[in-house]
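Per our numbering, residue -14 is the first one in the sequence shown, and the count goes up by one each step. Heads up, the thing below is written out as structure tokens.
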Amino acid sequence: MVQKNMSFLQALQTYTLLTIGEGLVAQIPALLISTATGILVTRATSDASFGKDLSSQFLNFPKVLIVATFILFMIGIVPAMPNVLFLSLAGTTGYLAYSMIQAERKKTVSKQEKVARESREQKKEPENVSTFFQVDTLEIEIGYNLILLTDEGQGGDLLHRLAAVRRQCAGEMGIYVRPIRIRDNLQLNPNAYSFKLRGIEIAAGELMPGQFLAMDPLGQELNVKGTPTTEPTFGLPAWWVSAEDRDQVEMNGFTVVDCATVLVTHLTEVVKRHAHELLGRQEVKELLDVVKEKNSVVVEELVPDLMTMGEVQKILQNLLKERVPIRDLAGILEALADGARISKDPDYLTECTRQALSRTICSQYTGTDSSKIAVVTLHPRLEQSVADSIEQTQMGSYPVLEPQVARQVLNKLKETVDNLTLRGFPPVVLCSSKVRLPFRRLTERFLPNLAVLSMNEIAPNVEVEAIGTVTLD
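Here it is, written out as structure tokens:
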């Protein structure tokens, strides 16, 4: 104020402007240097020129130019600033931003038109029908409420249990079950499930998620509140009970299982019942390849010199159809190699193989006493009538009894077998080897769980106990 002869207000204004200006002037070089350093560091991995990188950074993102336009416009309307310059720059960046937005819109529209055009062209192309011929060998369809059985996050372990079923069938039956597909079907009842073999339903059932199935083989009544139902695997009377009543029901002697166990048990029985339909030529080829690793001689002798792959498959299917395990595949091939030199008839070869597997067959029906098997026999006159009625066809040998006689035989056989089952014995009929297969074909439709054995299939160390006899009287 003394040196420049200024008033207090003039001196304060001048000092403030000079101080702030000096600070800005000092910071601008540092800002420029740090910006340049950042640009050089970030483009160290780029092969393009600096000008190309800089333009792509600015021009690839319209939002950057919109922000720059706004800032330049705000600076341009501040008094005492070079308004013309800043407003011109704001107009330039605004025009660039507008042009880029329009270009992006054109690209989007062009992309949509291209997708629509490709979709129309695909519709015009011939439909690939090969996908319609791909049918899963075995699949499970489940209703909406049963999806939680497959969700591990909610405690569902159905997928792991299916893998265990495949291992169990391989260990017990000796067959390879391909992976089982599970899919939800909204057309099913929400609590229902369905087993399909090559696209056709072969079994079905219903579950009650969150509840347990209680069964009693003795048939006693349930003493707690439950929903009556029928166990899907064996048709036993059962009840759905709540989780709160589970312990009490178990203490009363009932067998209590959860929903996943019911489904898996049903599936296991279905696989065993239809094992012969699951065994195709490809599966037989894979089984023979496994046997060939340690028993190459018998495989090379049998296939293809004595029998074709299809003929071997037919014999294995005949065995599985009567639930004879084929785990001892090497022994089966040995029996086929011997029998095929005499005859190629499938029925003859099946009987030869069954006789070679006598110990395996008897072990399925001996029960707790491994040296005794309880059977139902045929009266000699009935057996002779069956033998006299056998007719040989291209499909095999079948008994041609009069309808009235056949009905009488089946009714008496059912009575005798039911009595055998009530006493805790597996249903087994023993007859001569001549009528075994024809008699089995007579009964398989009406008594599918009945085992028909011949005397030649009884192992030397097994004692036969006749529980009953079927007669024509």
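Where is the CB? At the ideal position from N, CA and C, for every residue including glycine.
Inset, instruction - Give a yes or no on whether the C-beta atoms belonging to Leu198 and Val247 are separated by under 8 Å. - result: yes
Inset, instruction - From the DSSP output, read off the bridge partner residues of Gln377. - result: Ser382
Legend entry - Lys181: first and last residue of the uninterrupted beta strand (DSSP E) it sits in: Ala177 to Leu182
Inset, instruction - Give me the Cβ distance between Ala75 and Leu50, rounded to the nearest whole Å; I'm assuming they're in contact under 8 Å. - result: With 8 Å as the limit, Ala75 and Leu50 do not qualify as a contact, their Cβ atoms being about 10 Å apart.
Inset, instruction - Kindly give me the distance between the Cβ atoms of Ala359 and Ile300, rounded to whole angstroms, as I take these residues to be in contact under 8 Å. - result: Not a contact, Cβ separation roughly 29 Å.
Legend entry - Buried/exposed call for Gln267, threshold 16 Cβ in 10 Å: exposed
Inset, instruction - Decide if Asn303 is buried, meaning its Cβ has at least 16 other Cβ atoms within 10 Å, or exposed. - result: buried
Legend entry - Three-way DSSP call (helix, strand, coil) for Lys329 in this model: coil
Inset, instruction - Can you give me the start and stop residues for the alpha helix (DSSP H) that Met236 sits inside? - result: Arg231 to Met236
Legend entry - Secondary structure of Phe(-7), DSSP reduced to three states: helix
Inset, instruction - Identify the continuous alpha helix (DSSP H) that holds Ala149 and give its terminal residues. - result: Leu143 to Glu157
Legend entry - With 16 other Cβ atoms within 10 Å as the buried cut-off, status of Thr362: buried
Inset, instruction - Tell me, please, which residues DSSP counts as bridged to Ser439. - result: Cys416
Legend entry - Three CB pairs or more closer than 8 Å across the region 147 to 161 and the region 310 to 329: yes
Legend entry - Any chain D beta carbon closer than 8 Å to Thr218: Structure shown: chain D not included; a single protein chain is present.
Inset, instruction - May I ask you to verify whether the region 130 to 137 touches the region 225 to 239, counting CB pairs closer than 8 Å and requiring at least 3? - result: no
Inset, instruction - Could you check if His145 is buried or exposed, using at least 16 other CB atoms within 10 Å of its CB as the buried criterion? - result: exposed
Legend entry - Residue range of the alpha helix (DSSP H) that includes Ile346: Ser343 to Ser348
Legend entry - Where Phe71 sits in the DSSP three-state scheme: helix
Legend entry - Distance between Arg90 and Tyr83 (C-alpha atoms, nearest Å): 11 Å
Inset, instruction - Determine the closest residue to Leu432 out of Leu407, Arg421 and Asn396, with distance taken between C-alpha atoms. - result: Asn396
Inset, instruction - Along the alpha helix (DSSP H) that carries Leu321, what are the first and last residues, could you check? - result: Leu314 to Gly324
Inset, instruction - Would you mind sorting Pro64 into buried or exposed? The rule is 16 or more other CB atoms within 10 Å of its CB. - result: exposed
Legend entry - C-alpha gap between Lys357 and Glu448, whole angstroms: 5 Å
Inset, instruction - Going by CA-CA distance only, name the one from Val297, Pro445, Leu405 and Asn446 that's closest to Ala436. - result: Leu405
Legend entry - C-alpha distance - Thr253 paired with Thr456, whole-angstrom precision: 36 Å
Inset, instruction - Less than 8 Å between the CB atoms is what I'm expecting for Leu415 and Met440, so what's the real figure, rounded? - result: 7 Å
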